[in-house]
Amino acid sequence: MADAREQSGYRTIWHALRLVHKVHPPREMVNILRELDPAASQARRAKRVTRRKYSSPGPNHRHDKLKPFGFPIHGAIDGYSRKVLWLEVVKSNNSPGVPAHLFLETVKQLKGCPILLGTDRGNENGKMAAMQCFFRANGNDEFAADKSHKYGTSTRNQRIENWWSHMRKMRTHWWINFFKDMCSSGTLNLYNEVEKECLWFCFNGVLSDDLQKVKTSWNSHHIRPSRHDNVSGCPDVLFYLPQRSGGLDNLQEVSDVQIAEMELQVDAREEENEYQEYFHYLMENEEILNPTTPEVAFN
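Below is the structure:
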């Protein structure tokens with residue numbers, strides 16, 4: 001496969017075929033994949049990591065926000081269900097309004113916030129942390145008010161480290177190599193501002209679509225039983241129906257008034273510079289469609 005999915009193992013491909021194309025491949029697909037690419041199959045089976053134990057009483061007990069790699073990527077995952085709540089590529093990862101906006105949109109969608117929000121210590125997370133404390137100001141549990149947010153480092157959170165490791169192996173490793181090849185061949189010069197703007201304009205949509213496919217696939221796949229994880233099952237099911245797995249729904253209700261008040265405090269708009277404006281003008285003037293694959297974006 002000449003795209004990011006070539007990093008995927010047979011279970012991921014099998015799940016994607018059933019989810020997207022409604023195809024139910026037989027078990028013989030595993031043997032075929034091993035015959036087609038035995039080296040890659042063996043590599044995927046190697047270097048298994050020993051994980052520390054992680055415990056969470058139910059969904060929304062903790063959200064985790066991490067700094068991105070590659071194109072700026074913001075992600076959040078629920079500690080209990082391992083459901084990915086958002087996975088977005090943005091142009092800047094330094095603005096506090098960006099993660100705050102992503103967090104607020106999730107709160108609006110779920111009609112509530114987590115009982116505890118965990119983030120790293122980046123300055124861009126300050127507004128999101130304040131927002132969480134505002135939503136939990138009238139709580140009467142041990143994580144109420146300012147205790148509803150906790151700073152930490154991503155390296156100390158094994159759940160997040162496991163997810164980003166999965167993400168790198170399944171997708172971002174391919175993208176990183178793709179961009180490195182562009183640099184090595186002289187096609188891309190990262191020290192040239194115009195070329196960096198072109199890179200963003202051409203690939204941000206393709207990468208964003210790819211991330212949403214990753215999110216959908218992950219949230220609908222089955223997590224197998226493990227002595228390291230507290231529950232097994234489908235992240236979506238574990239998140240929305242925690243009682244079926246012995247968990248509790250820790251979602252804390254947030255009113256429309258509270259959400260509206262926070263919307264006034266958040267400005268996630270990214271000022272479009274003259275390069276991006278010009279690129280959009282050329283696309284419209286020449287009637288060029290936005291690229292949908294890495295190959296089209298490259299050309």
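Per full-length UniProt numbering, the very first residue in the sequence shown carries number 1; after that it's consecutive. Ideal Cβ placement from N, Cα and C applies to all residues, glycine included. None of these values were measured; they are calculated from a predicted model.
For V266, report the span of its alpha helix (DSSP H) as first-last. Residue mapping note: residue 266 aligns to position 266 of the sequence shown, counting from 1. In this chain, V266 is not harboured by any alpha helix (DSSP H), its DSSP state being neither H nor E.
What residue range does the beta strand (DSSP E) around residue 308 cover? The structure shown does not extend to residue 308, since the chain spans only 1 to 299, so no value can be given for it.
A297 versus L282: straight-line alpha-carbon distance, rounded: What you label residue 297 is simply residue 297 of the sequence shown in a count that begins at 1. What you label residue 282 is simply residue 282 of the sequence shown in a count that begins at 1. Those two C-alpha atoms are separated by around 15 angstroms.
If you draw a straight line from the alpha carbon of G75 to that of V84, how long is it in whole angstroms? To locate residue 75, count along the sequence shown from 1; it is residue 75. To locate residue 84, count along the sequence shown from 1; it is residue 84. Cα to Cα, G75 sits roughly 7 angstroms from V84.
What residue does the beta strand (DSSP E) around H221 start on, and which one ends it? Walking along the sequence shown from the start, residue 221 turns up at place 221. Where H221 is concerned, there is no enclosing beta strand (DSSP E), given that its DSSP letter is neither H nor E.
Return the Cβ separation of L110 and I259 in integer angstroms, given the expectation that the two are a contact with Cβ distance under 8 angstroms. Taking the first residue of the sequence shown as position 1, residue 110 is located at position 110. Taking the first residue of the sequence shown as position 1, residue 259 is located at position 259. About 11 angstroms; that fails the 8 angstroms criterion.
Option nearest E193 by Cα separation, candidates P72, L36, Y275, I73: By one-based count along the sequence shown, residue 193 stands at place 193. Checking every option, the nearest Cα to that of E193 belongs to Y275.
Report the option in M262, S148, N230, Q212 whose CA atom is closest to the CA atom of G79. One-based indexing of the sequence shown puts residue 79 at position 79. Among M262, S148, N230, Q212, the Cα nearest to that of G79 is on N230.
Just list the residues that DSSP pairs G112 with in beta bridges. Counting from 1 along the sequence shown, the entry for residue 112 is found at position 112. Under the DSSP definition of a beta bridge, G112 partners with E253.
Check whether V237 and P294 have beta carbons under 8 angstroms apart: As a first step, residue 237 must be located in the sequence shown, where it is residue number 237. As a first step, residue 294 must be located in the sequence shown, where it is residue number 294. In this structure, P294 does not lie closer than 8 angstroms to V237 by Cβ.
With distances taken Cα to Cα, identify the nearest neighbour of Q265 among F134, L289, W174. As a working mapping, residue 265 is identified with position 265 in the sequence shown. The candidate whose alpha carbon is nearest that of Q265 is F134.
What does a CB cutoff of less than 7 angstroms around Y240 pick up in its chain, not counting 5 residues either side in sequence? Here residue 240 corresponds to residue number 240 of the sequence shown, with the count starting at 1. Hits under 7 angstroms: none found.
According to DSSP, simplified to helix, strand and coil, what is E287? Here the question's residue 287 lines up with position 287 in the sequence shown. If DSSP states are grouped into helix, strand and coil, E287 belongs with coil.
Decide yes or no for the touch test of the region 87-104 against the region 122-131: beta carbon pairs closer than 8 angstroms, at least 3 of them. yes
Under the three-state reduction of DSSP, which class applies to G233: helix, strand or coil? As a first step, residue 233 is located in the sequence shown; it is residue number 233 there, counting from the start. The answer is strand: DSSP assigns G233 an E or B state.
Limits of the unbroken beta strand (DSSP E) element including E88: Taking the first residue of the sequence shown as position 1, residue 88 is located at position 88. From DSSP, the beta strand (DSSP E) with E88 extends over 84-89.
Classify R51 as helix, strand or coil using the three-state DSSP reduction. For this step, residue 51 is matched to residue 51 along the sequence shown. Here R51 scores only 42 on pLDDT, less than 50, and its place in the model is too uncertain to base an answer on.
Is the CB-CB distance between C234 and S220 below 8 angstroms? As a working note, residue 234 is residue 234 in the sequence shown. As a working note, residue 220 is residue 220 in the sequence shown. Their beta carbons are under 8 angstroms apart, which means C234 touches S220 by this criterion.
For the alpha helix (DSSP H) containing D141, list its first residue and its last residue. The count along the sequence shown starts at 1 and reaches residue 141 at position 141. Careful: D141 lies outside any alpha helix (DSSP H) and carries neither H nor E.
Using the beta-carbon count (16 or more within 10 Å), is D181 buried or exposed? The residue labelled residue 181 in the question sits at position 181 within the sequence shown. Flag for D181 reads exposed.
Any idea if R244 is buried or exposed, counting beta-carbon neighbours within 10 angstroms, 16 or more meaning buried? Numbered from 1 along the sequence shown, position 244 holds the residue referred to as residue 244. Exposed.
Kindly list the residues whose CB is nearer than 6 angstroms to the CB of F203, restricted to its own chain and excluding five residues on each side of it in sequence; keep chain order. In the sequence shown, the residue the question calls residue 203 occupies position 203. Counting only Cβ-Cβ distances below 6 angstroms, and skipping sequence neighbours, we find A297.
For the alpha helix (DSSP H) holding S95, just list the boundary residues, first then last. Your numbering for residue 95 matches position 95 in the sequence shown. Counting along the chain, S95 falls outside any alpha helix (DSSP H), and DSSP gives it neither H nor E.
What whole-angstrom Cβ distance do G152 and D120 have, given they're in contact under 8 angstroms? Counted from its first residue, the sequence shown places residue 152 at position 152. Counted from its first residue, the sequence shown places residue 120 at position 120. At roughly 7 angstroms, the Cβ-Cβ gap stays under 8 angstroms, so G152 and D120 are in contact.
Pick helix, strand or coil for Y191, following the three-state DSSP scheme. Working through the sequence shown from its first residue, we reach residue 191 at position 191. The answer is coil: DSSP assigns Y191 none of H, G, I, E or B.
Report yes if the C-beta distance between L117 and H149 is below 8 angstroms; otherwise report no. Sequence index remark: in the sequence shown, residue 117 carries index 117 (1-based). Sequence index remark: in the sequence shown, residue 149 carries index 149 (1-based). A contact, by the Cβ cut-off of 8 angstroms.
Identify the continuous alpha helix (DSSP H) that holds Q243 and give its terminal residues. For this step, residue 243 is matched to residue 243 along the sequence shown. Run containing Q243: none; DSSP gives neither H nor E here.
Spatial distance of D141 from G246 (CA atoms): For the purposes of this step, residue 141 is taken as the residue at position 141 of the sequence shown. For the purposes of this step, residue 246 is taken as the residue at position 246 of the sequence shown. Looking at the two C-alpha atoms, the distance is approximately 21 angstroms.
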